[in-house]
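Residue numbers (the working numbering), protein chains in the order written: chain A, 21 to 672; chain R, 8 to 170; chain X, 12 to 310; chain V, 320 to 642. Idealized CB from N, CA, C, for every residue including glycine.
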Amino acid sequence: MRIGVFICHCGSNIEGTVDTATVAKASLDFPEVVYATDTMYACSEPGQDGIIQAIKDKNLTGVVVASCTPRMHEPTFRRAVERAGLNRYMFEMANIREHVSWIGKDREANTNKSVDLVRIAIEKLRRDAPLSPSKFSINKRVMVIGGGVAGIQAALDCADGGLQVVLVERESSIGGKMAKLDKTFPTVDCSSCILGPKMVDVAQHENITLHAYSEVDAIGGYVGNFQVQVKKKATYVDWTLCTGCGACMEKCPSKKNPDRFNEKIGPCTSINIPFPQAIPKKAVIDPTTCRQFVKGKCGVCAKVCPTGAIKYDMADEIVTEDVGAIVAATGYDLFDISKVTEYGGGRYPDVITGLQYERLLSASGPTGGHIKRPSDGKEPKNVVFIQCVGSRDKSLDRPYCSGFCCMYTAKQAILTKDHIPDSQSYVFYMDIRSPGKMYDEFTRRAMEEYGARYIRGRVAMVYPKDGKMIVRGADTLAGTQVEVEADLVVLAAGAEAAVGAPKLAEKLRISYDKYGFFMESHPKLKPVETNTAGVYLAGSCQGPKDIPQSVGQGSAAAAKVLALFSKDMLESDPQISRVDIKRCVGCGKCIITCPFKAIKEVEFRGQKKAEVIETVCQGCGLCTSTCPQGAIQLSHFTDNQILAEVNALCQS
Amino acid sequence: MPVLTGKELRIVGFLCNWCSYGGADTAGVGRFGQPTDLRIIRVPCSGRIDPLFIAKTLINGADGVLVSGCHPRDCHYAEGNFYARRRLEVLKRFLPILGIDPGRFDYTWVSASEGQRWQKVVTVFTEQIHALGPAPRFDAVSADMLAKAAAGALGQGGNRVAA
Amino acid sequence: MSEAIAYYPGCSGLGTSKEYDASTRAVCRTLGLDLVDIPDWSCCGSTPAHTKDHVLSAALSARNLQLVSGMGIASAATPCPSCLTNLRTANHRMEAPAMAEKVNKLLDAPYAGGVEAISVLQALVEKVGLDEIKAAVRTPLTGLKVACYYGCIMNRPPELMAFDDCENPMAMDNVLSAMGATVVPFPLKVECCGASYGIPRQDIVARLTGKLLDVAKSVGADMVAVACPLCQMNLDLRQGQVNRALGTNFRIPVPYFTQLMGVALNVADEELGFGQLCIDPRPVLNKALSGADAQAKGA
Amino acid sequence: MSRLEELKTRIKEALPGLECVIGWQKGYDPLHNTPLFMRTDADVDKLEWGPLNVHNPAVYLPTFTGKKVGVVVKGCDSRSVVELLQENLINRDNVVIFGMPCTGVIDLSKVKARLAGAGVSAGTVTAVTDDGKTVSVTAGGQTTAMPLAEVRADKCGRCQFPNAVLADAYVGDPIAPAAPAAAADADLAALDAMSVPERMAFWRYHMERCIRCYACRNACPMCVCRDHCIAQSREPHWLTQDDTATEKLMFQVVHALHLAGRCTECGECQRACPMDIPVLALKKHLNRTIRDLFDYQAGVDPQAIPPLLQFKLEEDNIKERSW
């Protein structure tokens with residue numbers, strides 16, 4: 021091998037504390053190095069041209085650049101050596117900026133350390149092999165998991181882009197949390213008026229297949245070729261026959277069940293269509309409360325159904341969908357307010373969540389849009405809003421800000437005044453977080469035009485007394501204790517990862533944080549990608565988001581899918597594991613541990629062997645450290661390469 | 008000129024590319040000053056780190072080895088660090104029976120955003136290795152000790168009194 | 012029969028809350044919980060010690076824990092939440108080796124840790140158990156409406172006390188429910204009574220205690236059961252002061268929960284010391300019980 | 320019919336469907352039994368049972384991949400079979416396990432030491448008898464009686480699995496396990512008692528004696544890499560062929576760490592060592608760690624996944640250090 025070494029000054033960033041000329045000179049003593057120089061900005065156009073020229077002039081077959089972190093410019097230099105005719109993997113970097121020049125001021129030590137880092141890069145390069153990607157075909161269908169506003173947007177954009185879309189929704193209707201909202205901030209326009217048409221578009225779009233009341237059961241395959249098993253839960257109603265007329269709901273004798281769509285502050289029937297604008301508008305029987313199931317006799321709905329759609333013997337059904345990409349848009353759930361015992365949520369009926377309050381405000385809610393408190397149905401005059409319940413609270417293990425609560429609280433304060441002109445709202449807050457277009461103006465309106473009294477401080481406790489809820493807290497601006505006699509207390513419950521999110525993440529083989537939110541590939545530059553190729557994120561499943569952000573992410577995820585599907589063939593990253601079939605004893609330890617199911621057992625001349633599925637392997641190398649005989653090696657990070665680095669460092 | 012004699016000790020780091028290597032980058036970007044002893048070997052995932060690499064590094068004369076990966080649950084590859092945690096803990100407990108001070112090896116978790124944590128880890132670990140001093144070398148055991156080993160006279164407390 | 016537990020009555024148990032001490036001993040004896048006195052126990056240091064010096068405060072408590080350790084007993088129970096706080100704090104602080112060393116220098120015999128300090132309430136719930144307590148009831152407190160008042164330090168700070176919910180504890184509620192009483196939901200069960208401000212600032216105690224009594228009355232409680240000698244004093248002894256300061260007319264009995272348990276377990280009246288309280292609960296108690304009795308007969 | 324005869328009958332019944340059945344036979348002198356590969360009824364008649372059956376026949380099973388074989392096991396051997404099954408290194412359908420209760424096997428080095436103490440050479444043994452409690456060795460015309468409890472292998476004194484943990488044909492009534500050992504074995508205890516630098520000297524001394532014959536590896540039933548052991552490969556190139564104590568120690572570390580969570584402590588590595596190097600102590604130490612960390616023993620449950628091939632989101636016994 022003929023190795024060229026380039027030591028970058030990075031202006032004064034490196035040269036300031038590293039003697040690059042000395043490092044270059046020292047490099048010449050290392051094996052197979054035929055050329056070494058220092059260079060002002062290796063990544064600049066002249067810098068890259070210098071590398072390309074040297075490759076040609078000196079017949080270099082491998083290049084080491086010592087400069088910044090490879091996480092920054094490795095792709096840049098790989099492209100450069102490729103332009104000069106080398107394989108892009110015949111290249112290594114030594115990080116002498118972030119790991120050397122920027123963290124120490126001792127020029128002698130830094131120079132010396134840089135030589136060491138160049139040396140291990142050379143030793144690794146000497147054991148590099150040219151790698152080339154392979155190509156495979158893709159299935160241009162996409163699955164969107166979750167039919168909230170983010171999922172709806174992603175599905176519509178993909179469908180409009182000409183893709184076949186499979187939309188999977190856990191509930192019997194799409195719409196998600198947004199469908200439960202009365203109005204939206206900061207425009208105070210009606211939530212169902214702006215969401216409804218989009219839901220109808222989903223129903224009518226010829227490219228969209230909707231599986232409502234369904235969940236993802238299992239996922240196999242890899243980017244371009246996933247197989248997803250979808251469990252269609254039994255609805256006990258044949259949806260091909262159901263017309264959504266609602267006759268069954270009128271006659272159902274079991275009427276007092278907590279209505280999940282109404283956040284359990286209103287009753288519903290055992291056979292139910294959750295709300296008038298539901299898509300699909302089909303009935304579902306809840307077998308845990310239905311008399312036919314619980315008592316074994318009733319059958320009223322079956323008698324009244326004009327189309328004979330009721331099927332008490334229906335069972336769950338699994339359908340398999342083949343898709344090439346998956347968008348996860350599973351949204352969020354609310355923090356359980358009963359965990360904050362001092363506020364009495366769950367114990368006192370008049371302490372409710374913001375989402376429950378939305379249902380009280382909504383004209384299609386259980387009170388027909390009249391604010392009536394749950395305990396006695398009276399119209400409240402004093403309403404206290406408490407923010408950050410389950411947000412920004414380390415003691416509850418919820419240190420993060422849920423982001424949208426400040427805004428919906430301001431909206432609810434405004435709506436309270438609209439509904440009950442002689443009412444007074446109080447808002448206990450920690451800080452007001454309203455960084456969005458027209459957002460801060462909106463919270464100001466709540467205070468200035470609608471007279472909501474904002475009190476900066478935490479509430480210590482809420483307790484009932486003589487038909488009122490006494491809210492005691494601190495006013496940290498006035499430095500006093502305050503007590504408010506409230507008729508109704510609304511807790512701005514924080515957002516949590518959706519129930520079951522970690523399980524879905526494991527099926528998708530994507531990471532999730534300790535709170536269950538899915539991990540994006542890069543917090544700034546890859547916000548809707550994941551570390552599993554072909555799986556994208558939209559909306560609050562990645563972290564709490566308001567509607568505009570969720571919609572934006574839905575479109576962003578769709579754009580990623582459309583870009584992925586713009587090619588007919590995909591290239592796989594060649595930095596993957598490969599099996600030396602002679603050394604493999606077929607024990608399958610790599611198969612057990614592979615996080616991506618990227619290794620399969622094959623028969624080779626009657627013997628069991630492991631084989632890497634190139635398109636699935638993500639290149640983590642867990643298999644390589646698992647295999648005792650070293651039969652499976654991660655290309656570009658082989659045992660021999662790491663051993664060579666170790667040996668280079670341990671030579672005295 | 009591998010280490011600056013009298014100033015540095017030989018400390019080798021194995022860092023996963025996605026979290027800890029990025030954390031070390033973040034520390035650099037933030038100019039969080041650190042001792043210069045550590046040399047970092049980049050690997051894709053802490054799960055790639057065969058404990059034998061660490062044993063080999065220490066047996067071959069390194070004074071310290073530091074491994075760092077993504078925090079549990081944050082692994083770029085979903086599970087690699089969970090396997091690594093088990094394997095590295097087993098190794099840490101194994102080293103002393105070979106005659107290697109377990110303080111010469113540590114593993115930890117540092118995310119790409121935790122530049123300050125990385126600075127602290129490197130500083131504390133380097134101090135820890137300097138406190139232990141240069142590692143006794145397997146190929147430089149004293150004749151006196153070898154004679155004791157041959158006579159089956161180790162572990163009688165004699166050496167520890169002398170030390 | 013449960014294991015033996017060392018018993019640390021605290022200084023109030025020998026003075027202002029003799030009836031708490033006596034009823035605790037009687038109730039535990041009846042339930043088969045073996046309380047063993049700690050020979051030569053000393054004051055836990057109360058509030059003054061830890062305000063002045065953490066090492067001294069820990070040493071005062073550690074001395075007692077060390078004595079228990081020497082008895083070969085693993086748990087010590089105290090009726091007083093303030094003593095409990097000091098004992099548990101000493102254990103917690105001495106987990107730090109540096110602190111343990113300083114404290115042990117002050118002690119005749121070093122304390123190596125390992126003795127768990129719990130409240131009598133916790134001992135009853137965990138060492139005896141609600142089922143056994145319920146089975147031992149002879150005279151159910153049927154018809155008695157009682158508010159359970161835990162005071163502010165019985166369960167707090169939660170990471171130190173590690174028992175029950177710190178904002179809405181239920182242990183005493185459950186015990187008195189098991190006795191047959193009707194436990195009314197009392198939202199202020201962990202609110203401060205004013206504690207030792209009863210001496211320098213009676214106005215503060217009048218306001219805080221007044222609120223407790225007011226809410227207890229509004230939720231329909233016949234009496235307020237307590238578990239803390241200082242709370243008991245503020246609510247009972249100072250009820251007159253409250254009435255004068257606020258212009259109210261409260262006359263709510265404030266017995267210790269152990270006294271009420273004693274009634275239900277048929278402990279002899281003289282062991283329960285109701286006469287030591289300012290407002291004697293017995294008339295209200297008898298009225299409630301006979302009312303229930305009459306109702307039962309009528310039905 | 321004696322138990323051994325019954326066992327032979329069972330093997331003969333099964334033999335027609337099997338490539339062979341692995342057991343033990345009398346060896347080159349009365350003190351040494353050696354492995355036996357039974358292919359005919361006549362072979363079966365050579366089968367031996369008793370304290371001289373020191374070898375672990377499980378070591379041969381992976382070499383019969385694809386063929387159906389039988390194996391006669393002591394309790395400890397059965398754990399190796401189970402571990403091989405756990406690791407998918409042999410196929411359950413292709414192995415028939417024959418077991419009998421085992422009361423322990425001798426440690427040849429202890430017997431030789433006894434004989435040396437009595438002034439006779441182990442090379443002159445003419446007869447060995449045992450009654451289940453005492454082994455009597457006749458050498459140089461002189462008979463030395465040795466209580467089995469004193470000359471048996473360390474592992475037998477604390478054996479928790481005297482009966483096969485898995486068997487298709489089991490002859491005799493299962494016997495009770497020994498009391499679990501209260502303290503570590505003497506070899507491990509000796510290492511525990513040393514300071515860390517002393518241990519380095521200890522291994523340096525023994526590694527200098529090592530002749531790098533790989534007998535320890537070849538006798539190990541779990542070392543299935545065989546010709547592909549990384550001790551001798553170039554790709555990957557873990558070890559050089561330099562005859563240094565460092566390289567030899569590294570090989571022992573490779574062997575031990577490759578066995579972490581897999582070793583059933585059958586002791587074959589140490590028994591096979593011609594230099595009597597206490598290499599088993601490394602594995603005992605690792606097994607202690609595995610037990611402490613994961614509450615796990617290898618080769619007990621055919622369905623169990625070895626601890627280093629799995630994980631828990633929250634580990635029970637691993638605590639992250641703080642900085």
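Simplified DSSP state of residue i, which is helix, strand or coil
| i | result |
| --- | --- |
| D451 (chain A) | coil |
| K580 (chain A) | helix |
| V572 (chain V) | helix |
| P196 (chain X) | coil |
| I611 (chain A) | helix |
| Y122 (chain X) | coil |
| V439 (chain V) | coil |
| R167 (chain X) | coil |
| W343 (chain V) | strand |
| Y420 (chain A) | coil |
| S655 (chain A) | coil |
| T12 (chain R) | coil |
| P103 (chain R) | helix |
| K689 (chain A) | The requested residue 689 (chain A) does not occur in the structure, where chain A is confined to residues 21 to 672. |
Alpha carbon of residue i to alpha carbon of residue j, nearest angstrom
| i | j | result |
| --- | --- | --- |
| H93 (chain A) | S592 (chain A) | 21 Å |
| L417 (chain A) | H78 (chain R) | Strictly speaking, residue 417 (chain A) in this sequence is Asp, with Leu absent from that position. The alpha-carbon atoms of D417 (chain A) and H78 (chain R) are separated by roughly 17 Å. |
| T37 (chain A) | I116 (chain A) | 10 Å |
| D217 (chain A) | I228 (chain A) | A small correction: the amino acid at residue 217 (chain A) is Pro; Asp does not occupy that position in the sequence shown. The alpha-carbon atoms of P217 (chain A) and I228 (chain A) are separated by roughly 15 Å. |
| A554 (chain A) | C310 (chain A) | With the sequence shown as reference, residue 554 (chain A) is identified as Gly, and Ala is not the correct amino acid for it. C-alpha separation (whole angstroms): 41 Å. |
| C204 (chain X) | V216 (chain X) | 6 Å |
| E634 (chain A) | P626 (chain V) | 28 Å |
| K127 (chain R) | V53 (chain A) | 36 Å |
| M219 (chain A) | R478 (chain A) | 39 Å |
| W522 (chain V) | A579 (chain V) | 19 Å |
Expected contact under 8 Å - CB spacing of residue i and residue j to nearest Å
| i | j | result |
| --- | --- | --- |
| V253 (chain X) | G221 (chain X) | 5 Å |
| F132 (chain R) | G71 (chain R) | 7 Å |
| K527 (chain A) | D507 (chain A) | Their Cβ separation, rounded to whole angstroms, is 46 Å, which puts K527 (chain A) and D507 (chain A) out of contact at 8 Å. |
| W368 (chain V) | L434 (chain V) | No, W368 (chain V) and L434 (chain V) are not in contact; Cβ-Cβ is about 23 Å, not under 8 Å. |
Of the residues the options, the one placed nearest residue i, counting alpha carbons only
| i | options | result |
| --- | --- | --- |
| K200 (chain X) | X:Y161, X:A85 and X:L241 | X:Y161 |
| N88 (chain R) | A:A141, A:L642 and A:P287 | A:L642 |
| G385 (chain A) | A:P287, A:G344 and A:K271 | A:P287 |
| G423 (chain V) | V:V401, V:T453, V:P376 and V:V543 | V:T453 |
| G231 (chain X) | A:A525, A:K485 and A:A577 | A:K485 |
| A517 (chain A) | A:V479, A:T552, A:S586 and A:S560 | A:S560 |
| G124 (chain X) | X:I84, X:C54 and X:V148 | X:I84 |
Buried/exposed call for residue i, threshold 16 Cβ in 10 Å
| i | result |
| --- | --- |
| T115 (chain R) | buried |
| A430 (chain A) | buried |
| L601 (chain V) | buried |
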